[in-house]
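See structure below.
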Amino acid sequence: MTKKNMEFESILLPGVEDKRPIIISGPCSAETEEQVMETA
Numbered sequence: 064m065t066k067k068n069m070e071f072e073s074i075l076l077p078g079v080e081d082k083r084p085i086i087i088s089g090p091c092s093a094e095t096e097e098q099v100m101e102t103a
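If you're matching positions, the sequence shown starts at 64 in the working numbering and goes up one per residue.
Here is the structure:
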């Protein structure tokens, strides 16, 4: 298994403490429950 380095960029959001992590991710490529189960 190849280890990959991830780079994160800090942003300030109104109402969110800067000491608490928040993760924003894009849409999931799975469109159906069947696709999720096949991938798992």
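The beta-carbon is built from N, C-alpha and C at its ideal position, and this holds for glycine as well.
- Nearest in C-alpha terms to I86, of all of Q98, E72, E97 and T102, is E72.
- Residue state for V79 is assigned as coil, using DSSP reduced to three classes.
- E94 and R83 have their C-alpha atoms roughly 31 Å apart.
- Judged by DSSP in its simplified three-state form, T102 adopts helix.
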